[in-house]
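Engineer:
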Amino acid sequence: MCSPEYFAVEYAINPWMDVTTPVDRDLAVKQWDRLRETLVGLGHEVHLLTPEQGLPDMVYAANGGFVVDGSVYGARFKHEQRAAEAAAHHAFYEAQGWRFIAPGETNEGEGDFAYVPEAHGGLILAGHGFRTEIPAHAEAQEALGRPVVSLRLIDPRFYHLDVALAAIDDANVVYFPGAFSAASQRVLTQLFPDAVIADDEDAMAFGLNLVSDGANVVLNSEATRLAGKLKAAGYTPVPVELAELKKGGGSVKCCIAELRH
Ligand code: ARG
0 MCSPEYFAVE YAINPWMDVT TPVDRDLAVK QWDRLRETLV GLGHEVHLLT
50 PEQGLPDMVY AANGGFVVDG SVYGARFKHE QRAAEAAAHH AFYEAQGWRF
100 IAPGETNEGE GDFAYVPEAH GGLILAGHGF RTEIPAHAEA QEALGRPVVS
150 LRLIDPRFYH LDVALAAIDD ANVVYFPGAF SAASQRVLTQ LFPDAVIADD
200 EDAMAFGLNL VSDGANVVLN SEATRLAGKL KAAGYTPVPV ELAELKKGGG
250 SVKCCIAELR H
C-alpha cells in the first residue's frame, strides 16, 4: 500500500475524476489508514511503498505490478501522468527480493489482472479495452507461466478489470456482467458457473473493487447491497469508507497490491 500523502485530482484520466471537485487530503489519509488497520486487524501483513510528490495517483498501488507465485510482472502505464510510478514499484520489488519481469507492453498491473489460484489449476483473468493492451496478456502468460484469459471491458466507467470483477476466494469470483462484452460474459459464465453476480448499483458503488482473504471481504461501505449478497453467499463483509479516494476513480482493491508467494 502507498499512503495518499500527495493524493489529488489534478488531471482526469477516467470518468470518475473531476478536477473541479475539491479533495480533502487529510481525510483521504485517515480513510486509507483505516483500510490499512483493517487489513492488519484481519491478520494480514502490510508493506508500505513511499509516496512521491507529483504522483497523485500513487495511492492506487494495485496498478504497479502483478505478482503470482513469487514473480512480478511489472507495469507500464498507459497515461504519461502515471508513467513514473512504475519505477517506484520496480525498486520496491527488487529491494524485497522478488523475481521481477520488466514489461514491454502497456499494462496496469492488478488493475487489469486478477489471479484465481484454485480455478482450473491457477488462472489469470486479464482485462483490456481501456488501459492494458492485449499483447500484455500474452506477455504476462510468458512471464508468469499461468494461463491468461482475456476479457474485454466495454464501459468506460469500469476502465480496469478490478472495478468490475474480483476473486472472493481461491476458486470463485464476483463480477458485474454489464462491464464486459457479450462474448466475455459467456467466457465468465463457462469458467465460473457459481460466481456471485453484481448489478450496476453494486458496481457504481465501487463494490467490486474489493479484497478478500477467502472469508473476509473488505469492500467500500457504500456497496451495502453487494455486502448483503456476499453475506448470503457465506462471506463476511468488512465495509470500509473510502469516499475521498473514489474521487480518483478507485477504492479498496486499487489501494492494495497483493503479494503472492
Ligand atoms: N486515477 C487512477 C487512474 O485512473 C485510478 C486508478 C485506480 N486503480 C485501480 N486499480 N483501478 O489510473
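Everything in the sequence shown is counted per numbering that gives the first Met the number 0, starting at 0 for the first residue and increasing by one.
Ideal Cβ positions, reconstructed from N, Cα and C, are used throughout, including at glycine.
Would the stretch 109-123 count as touching the stretch 165-184 if we require 3 or more Cβ pairs under 8 Å?
Structural biologist: The stretch 109-123 vs the stretch 165-184: in contact.
Engineer: Compute the minimum distance between the beta carbon of R81 and the heavy atoms of the ligand ARG, and state whether it is under 7 Å.
Structural biologist: In the sequence shown, counting from the first residue as 1, residue 81 sits at position 82. Yes, since a heavy atom of the ligand ARG falls inside the 7 Å radius drawn around the Cβ of R81.
Engineer: At the level of alpha carbons, what is the spacing between N215 and I255?
Structural biologist: Locating residue 215 in the sequence shown gives position 216, counting from the first residue. Locating residue 255 in the sequence shown gives position 256, counting from the first residue. Those two C-alpha atoms are separated by around 15 Å.
Engineer: Curious, which full-length beta strand (DSSP E) runs of at least 3 residues does the stretch 92-147 contain?
Structural biologist: Runs of the beta strand (DSSP E) inside the stretch 92-147: 98-100, 112-115 and 122-127.
Engineer: If we count the other Cβ atoms within 10 Å of its Cβ and call it buried at 16 or more, is E141 buried or exposed?
Structural biologist: For the purposes of this step, residue 141 is taken as the residue at position 142 of the sequence shown. Looking at its Cβ environment, which holds fewer than 16 other Cβ atoms inside 10 Å, E141 is exposed.
Engineer: Which two residues bound the contiguous beta strand (DSSP E) that contains V172?
Structural biologist: To locate residue 172, count along the sequence shown from 1; it is residue 173. Unbroken beta strand (DSSP E) run through V172: V172 to Y174.
Engineer: Pick helix, strand or coil for T188, following the three-state DSSP scheme.
Structural biologist: Residue numbering aside, residue 188 sits at position 189 when the sequence shown is read from its first letter. T188 falls in the helix class under three-state DSSP.
Engineer: Is the beta carbon of H159 within less than 7 Å of some heavy atom of the ligand ARG?
Structural biologist: Numbered from its first residue, the sequence shown carries residue 159 at position 160. Within the cutoff, so yes.
Engineer: Taking the straight line between their C-alpha atoms, what separation do you get for P263 and D32?
Structural biologist: The question about residue 263 has no answer, for the chain in this structure spans 0 to 260.
Engineer: Comparing alpha-carbon positions, which option in G126, W97 and Q95 lies nearest G108?
Structural biologist: Numbered from its first residue, the sequence shown carries residue 108 at position 109. Out of G126, W97 and Q95, G126 has the C-alpha closest to the C-alpha of G108.
Engineer: Quick one: Cα of V50 to Cα of A137, how far?
Structural biologist: In the sequence shown, counting from the first residue as 1, residue 50 sits at position 51. In the sequence shown, counting from the first residue as 1, residue 137 sits at position 138. The sequence shown places Pro at residue 50, not Val. So the two alpha carbons sit approximately 31 Å from each other.
Engineer: According to DSSP, is V162 part of a helix, a strand, or is it coil?
Structural biologist: Along the sequence shown, read from residue 1 onward, the residue named residue 162 stands at position 163. The answer is helix: DSSP assigns V162 an H, G or I state.
Engineer: With respect to 7 Å, is the separation between the Cβ of N13 and the closest non-hydrogen atom of the ligand COA below this value?
Structural biologist: Ligands present in the displayed structure are limited to the ligand ARG, and the ligand COA is not among them.
Engineer: How about F99 and A139: are their beta carbons less than 8 Å apart?
Structural biologist: Residue 99 sits at position 100 when you count from the first residue of the sequence shown. Residue 139 sits at position 140 when you count from the first residue of the sequence shown. Taking 8 Å as the Cβ cut-off, F99 and A139 do not qualify as a contacting pair.
Engineer: With the cut-off set at 8 Å, would you say P14 and P134 are in Cβ contact?
Structural biologist: As a first step, residue 14 is located in the sequence shown; it is residue number 15 there, counting from the start. As a first step, residue 134 is located in the sequence shown; it is residue number 135 there, counting from the start. Cβ distance not < 8 Å, so P14 and P134 don't count as in contact.
Engineer: How about G53: is its Cβ closer than 7 Å to a heavy atom in the ligand ARG?
Structural biologist: Residue numbering aside, residue 53 sits at position 54 when the sequence shown is read from its first letter. Every heavy atom of the ligand ARG is 7 Å or more from the Cβ of G53, so no.
Engineer: Would you be able to state if there are at least three C-beta pairs under 8 Å between the stretch 183-194 and the stretch 204-215?
Structural biologist: As far as the Cβ criterion goes, the stretch 204-215 does not touch the stretch 183-194, which means the pair count is below three.
Engineer: Quick one: does the C-beta of G248 sit closer than 7 Å to a heavy atom of the ligand ARG?
Structural biologist: Numbered from 1 along the sequence shown, position 249 holds the residue referred to as residue 248. G248 Cβ: within cutoff of the ligand ARG.
Engineer: Note down the Cα distance separating H43 from Y5, rounded to an integer number of angstroms.
Structural biologist: Position 44 of the sequence shown, counted from the start, is the residue given in the question as residue 43. Position 6 of the sequence shown, counted from the start, is the residue given in the question as residue 5. Going by the C-alpha atoms only, they are around 25 Å apart.
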